[in-house]
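In the working numbering, the protein residues as written are 819 to 1079.
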């Protein structure tokens, strides 16, 4: 299903997106060396419930997961890149953490993710990984707009990732979003320009480039049946925004307060 949202629904989408951006910003500010992933999950739960919103993850049970996810936010550390299930793990200096969050507020969903390094230790490879993913997302957003093709967006993302030398996995990518979290169309992180669905004002898309340093292959963590890790144990990064296609281009819905991108 591909939804075209009304102007009033787009207004509600802005409120949902602002909430997602604010929660992710707050989690980043609170997270430090010694923070437990389960603390992040609990803080997120508190903010979602306080806002009168609903988690998209607690009851989420797709075919590729091992039963309902049962948590409020995805916490992926180092070699984990997608669907990181919160566990009793304390973060160390230099850990690369991805937080992925989706909620529904007033009937409209929004989805975003951030990657950052915890503490003071910085590996230049981690910095490059995160910055490349940010640039890929920015390129995808720039390519999105009325009458653009879905392939234009995928190609823009893929060009940044491939030129930087990172392998691209095509199994998981972005997606349509609206009254539910996951909708058509699938937005691959590489593609051919001029091909695919023509974008229309009122569409919401969650764009989410993600990469692993030296592989495009994933393995599911056998302990939780959810967390997807790089098969080589390589570090990873994942950054996501929900955008609305407008008459003029694309509007980012999930910016944190005071953020510009």
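The C-beta atom is built at its ideal place from N, Cα and C for all residues, glycine as well.
- In the structure shown, the three-state DSSP call for residue 1068 is strand.
- In this structure, residue 943 sits near residue 1031, with a CB-CB distance shorter than 8 Å.
- Between the region 1022 to 1029 and the region 978 to 997 there are three or more C-beta pairs closer than 8 Å, enough to call the two in contact.
- Under the rule that a run must span 3 or more residues, the beta strand (DSSP E) segments found entirely inside the region 967 to 1055 read 992 to 994, 1001 to 1005, 1022 to 1025, 1028 to 1030, 1036 to 1038 and 1046 to 1048.
- Note on geometry: alpha-carbon atoms of residue 851 and residue 1042 lie some 24 Å from one another.
- Boundaries of the beta strand (DSSP E) harbouring residue 1060: 1059 to 1063, taken from the DSSP string.
- DSSP lists 920 as the bridge partner or partners of residue 929.
- Pairwise C-beta distances place the region 943 to 954 out of contact with the region 886 to 895, as fewer than three of them are shorter than 8 Å.
- When only Cα atoms are considered, residue 829 and residue 874 end up about 20 Å apart.
- By the neighbour-count criterion, in which 16 or more other beta carbons inside 10 Å mark a residue as buried, residue 897 falls on the buried side.
- Counting of Cβ neighbours within 10 angstroms places residue 1058 among the buried residues, the total reaching 16 or more.
- Per the C-alpha coordinates, the member of 1061, 1071 and 1047 positioned closest to residue 914 is 1047.
- Pairwise C-beta distances place the region 921 to 933 out of contact with the region 1002 to 1019, as fewer than three of them are shorter than 8 Å.
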